[in-house]
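Worksheet: the structure to be examined is printed underneath.
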Amino acid sequence: MDTAQRYRAFATREAHGHSAIYEELAGRTADDEELIALIDQLPEPKRQPNLLLAAVRFLGGPVKGYPAFRSWVITHWDQVSATMRRRRTQTNEPGRCATLLPLLASLPQPLALIEVGASAGLCLYPDHYRYRYDDRPPLGPSDGPVSLTCTTAGPMPIPEQLPTVAWRAGIDLNPLDVRDANDMHWLECLVWPEQSDRLDRLRNAAHIAQAEPPHLVRGDLNQAVRELVSQAPRGTTPVVFHSAVLVYLPSEARSAFTETMRGLPGHWITNEGPHILPTVEARLPRSAPPDRAVFALALDEQPMAFAGPHGQSLDWF
2 MDTAQRYRAF ATREAHGHSA IYEELAGRTA DDEELIALID QLPEPKRQPN LLLAAVRFLG
62 GPVKGYPAFR SWVITHWDQV SATMRRRRTQ TNEPGRCATL LPLLASLPQP LALIEVGASA
122 GLCLYPDHYR YRYDDRPPLG PSDGPVSLTC TTAGPMPIPE QLPTVAWRAG IDLNPLDVRD
182 ANDMHWLECL VWPEQSDRLD RLRNAAHIAQ AEPPHLVRGD LNQAVRELVS QAPRGTTPVV
242 FHSAVLVYLP SEARSAFTET MRGLPGHWIT NEGPHILPTV EARLPRSAPP DRAVFALALD
302 EQPMAFAGPH GQSLDWF
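The working numbering applies: residue 2 is where the sequence shown begins, and numbers increase by one.
Put into structure tokens, the structure is as follows:
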């Protein structure tokens, strides 16, 4: 897709039904030749709608009403583009733990969790959150500050207890520190404007991580993942997982990472777009719904479910 198509697809497939503000801004940007020309000056990976919208909010720009947004972006383009070049889309959505939990709970315990593209590491604490699937009884600490809800379809294996996590670590090209106010502000700007529940969840999950900061390493995912798996304590099951990460890698890097993962002990959980990993896509029992954005949740390259991008739903195969 060219940049205009990318913004139009974001508006219709991702923002529609979830953020009227972002649907309008992305949709009208797609038809704005002047603004698209500015965005096209950036390296291709930096032209993402989420990155532009978060950068404007990070800098204090307006996002309500396209004329004000457009005028501000053009006037402050040097600042906006510099922020987009420096920052990354590092959405850290703890709600995704609700889609990971059925798989994590099914593996031999205790676990050594390793997240690729960990951002600030908030998805490394699935054992600290409380979960509710449909109208079933909740699972997890009743006094915990983070409560996750997830609607389900299909024969999903209902977890009977939370996983036991003995060790947790993460990898990122630019790890964010939950104790740093600037990093937290960036994370908050990546939450879409109307989604106050997601913002509250982010802040509450950050409180948990601040009390027990995650071990995050900066570096290339192929080399770093090998090193972290080798550090997993004896007697634990290493589990490497990631959500919406491989889409930002060129196909050659994805192939290299796939080969790396096949050679490592433990298990590999992927929560990515249905077309990102060819082996997962080829094994999907049915096509992804054309009218909404979903991830394909897979264990060791075997697809298990379609998942809502923010952990809000699971459609088990």
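All C-beta atoms, glycine included, are put in the ideal place defined by N, C-alpha and C. Treat the numbers as computed from the prediction; the structure is a model and nothing was measured.
{"Check": "Buried or exposed (CB count within 10 angstroms, at least 16 for buried), R58", "Outcome": "buried"}
{"Check": "Beta-bridge partners of C151, as assigned by DSSP", "Outcome": "Y134"}
{"Check": "Start and end residues, beta strand (DSSP E) containing E273", "Outcome": "268-273"}
{"Check": "Among A99, V74, E45, nearest to A306 - alpha-carbon criterion", "Outcome": "A99"}
{"Check": "Bridge partner(s) assigned by DSSP for A1", "Outcome": "The chain is shown only over 2 to 318; residue 1 falls outside these bounds and no answer can be derived."}
{"Check": "Closest residue to V246 among N175, K65, A210, Q42 (Cα-Cα distance)", "Outcome": "N175"}
{"Check": "Identity of the residue in A27, L43, A254 nearest P68 by Cα", "Outcome": "A27"}
{"Check": "Segment contact flag, the region 70-88 with the region 202-218, C-beta cutoff 8 Å, min 3 pairs", "Outcome": "no"}
{"Check": "Alpha carbon of A167 to alpha carbon of P127, nearest angstrom", "Outcome": "12 Å"}
{"Check": "Cβ neighbour criterion (16 or more within 10 Å) applied to N272", "Outcome": "buried"}
{"Check": "Cutoff 6 Å; reference E34; Cβ partners in own chain excluding five residues on either side", "Outcome": "none"}
{"Check": "Reduced DSSP secondary structure (H/G/I, E/B, other) of G122", "Outcome": "coil"}
{"Check": "L47 versus L53 - alpha carbon distance", "Outcome": "Checking the sequence, you will find Lys at residue 47 rather than Leu. Rounded to whole angstroms, K47 to L53 spans 8 Å at the Cα level."}
{"Check": "Residues that DSSP places opposite I172 in a beta bridge", "Outcome": "V117, V218"}
{"Check": "Burial state of M85 (16 or more Cβ within 10 Å)", "Outcome": "buried"}
{"Check": "Top-ranked residue by Cα proximity to E116, from P291, M262, F318, A308", "Outcome": "M262"}
{"Check": "Contact under 7 Å by Cβ, A154 with P239", "Outcome": "no"}
{"Check": "At least 3 beta-carbon pairs within less than 8 Å: the region 180-199 vs the region 225-235", "Outcome": "no"}
{"Check": "At least three beta-carbon pairs within less than 8 Å, the region 158-166 to the region 180-187", "Outcome": "no"}
{"Check": "Minimum C-alpha distance to W193 - residue among A12, D178, V281", "Outcome": "A12"}
{"Check": "Cα-Cα separation, L298 to I270", "Outcome": "7 Å"}
{"Check": "H186: first and last residue of the uninterrupted alpha helix (DSSP H) it sits in", "Outcome": "182-190"}
{"Check": "Burial state of A31 (16 or more Cβ within 10 Å)", "Outcome": "buried"}
{"Check": "Backbone CA spacing between L300 and D316 [nearest angstrom]", "Outcome": "15 Å"}
{"Check": "Ranges of the alpha helix (DSSP H) found wholly within the region 34-109, counting only runs of at least 4", "Outcome": "34-40, 50-59, 67-76, 78-87, 98-107"}
{"Check": "Secondary structure of S288, DSSP reduced to three states", "Outcome": "coil"}
{"Check": "Where the alpha helix (DSSP H) containing F258 begins and where it ends", "Outcome": "252-263"}
{"Check": "Selected residue, minimal CA-CA separation from R293, among Q313, E282, P279, L278", "Outcome": "Q313"}
{"Check": "Own chain partners of G220 with C-beta closer than 8 Å, once the 5 adjacent residues on each side are dropped", "Outcome": "I172, L174"}
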